[in-house]
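Undergrad: Take a look at the following structure, please.
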Amino acid sequence: MKRSSGILLAAGLALGLAFSPLPAGAQQPAAAPLKPVSPSALAAAKELLTVKNVGQVYANAVPNIIQRVKDQILASNLSYQKDLNEIALTEAQSKAGRENEIGETMAKIYANDFTEQELKELTAFYKSPIGQKVLAQEPRSIQASMLYMNQWAQAFSEAVAADFRNEMKKRGKPLG
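Per the working numbering, residue 1 is the first one in the sequence shown, and the count goes up by one each step.
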């Protein structure tokens with residue numbers, strides 16, 4: 001049940017990591033500075049994230065980013081494939097574990113956004129039967145909702161396009 005939690009968070013993080021639209025060298029806006037948090041608040045945030053199994057969201061961040069960088073370089077340097085594969089292996093080994101930085105910072109963010117008591121209450125909720133159901137069911141509910149939104153947007157778009165064509169036809173300027 002825990003493994004399916006956070007699909008929306010996972011999707012957002014995965015898209016952000018995998019498809020960063022910024023060109024090389026471009027700077028992202030700086031995140032809001034985090035205030036210092038107590039060790040107990042940080043521990044409560046980590047426990048909440050563990051209960052929600054958020055670690056699965058970023059577990060493959062390091063190898064995925066290394067692969068993406070290698071593929072980008074390889075696209076314009078095909079003759080270097082062997083070397084780039086070797087470098088990718090070395091990078092993966094030397095950078096193993098760096099994804100834990102994501103978890104640490106996520107815990108600090110949660111500890112900044114919620115009080116220690118709220119974090120404990122959230123953890124208790126997610127450990128409860130209804131919380132476990134949320135963790136298990138919510139990803140399916142979100143997926144079904146997103147599917148509906150896509151279908152709705154497609155149908156709505158077609159209706160609006162038909163209105164444009166009809167109006168342009170009335171103006172004597174039929175669209176192709």
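Glycine included, C-beta positions come from ideal geometry on N, C-alpha and C.
All values derive from a computational prediction rather than experimental measurement.
PHE156 by DSSP, collapsed to three states: which one?
TA: helix
Undergrad: Rounded to whole angstroms, what's the CA-CA distance from PRO139 to SER128? Just pull it up for me.
TA: Rounded to the nearest whole angstrom, the CA to CA distance from PRO139 to SER128 is 18 angstroms.
Undergrad: Do you know how far the Cα of GLN137 is from the Cα of MET146?
TA: Their Cα atoms are separated by approximately 14 angstroms.
Undergrad: Just checking, does the stretch 102-113 make contact with the stretch 40-49 on the three C-beta pairs under 8 angstroms criterion?
TA: yes
Undergrad: Is VAL62 close to chain C? Criterion is C-beta to C-beta, closer than 8 angstroms.
TA: Considering every chain present, this structure includes no chain C. It has just one protein chain.
Undergrad: What residue range is occupied by the uninterrupted alpha helix (DSSP H) comprising TYR126?
TA: 116-127
Undergrad: What do you get for MET149, buried or exposed, if any count of 16 or more other CB atoms within 10 angstroms of its CB means buried?
TA: exposed
Undergrad: Could you give the first and the last residue of the continuous alpha helix (DSSP H) run that contains ALA88?
TA: Run containing ALA88: 81-95, per the alpha helix (DSSP H) assignment.
Undergrad: Could you pull out every residue in the same chain whose Cβ sits closer than 7 angstroms to the Cβ of MET106, ignoring the five residues on either side in sequence?
TA: Around MET106: LEU49, VAL54.
Undergrad: Give the straight-line distance between the Cα atoms of PRO63 and ALA92, rounded to the nearest whole angstrom.
TA: 6 angstroms
Undergrad: Please name the residue in ILE66, GLU104, ASP83, GLU118 whose C-alpha comes closest to that of LEU34.
TA: GLU104
Undergrad: Looking only at its chain, what residues have a beta carbon closer than 7 angstroms to the beta carbon of MET168, apart from the 5 residues adjacent to it on each side?
TA: So the list reads PRO174, LEU175, once near-sequence residues are dropped.
Undergrad: Taking the alpha-carbon positions, what's the GLU99 to ALA155 distance?
TA: 41 angstroms
Undergrad: Nearest-angstrom Cα distance between GLU101 and VAL160?
TA: 46 angstroms
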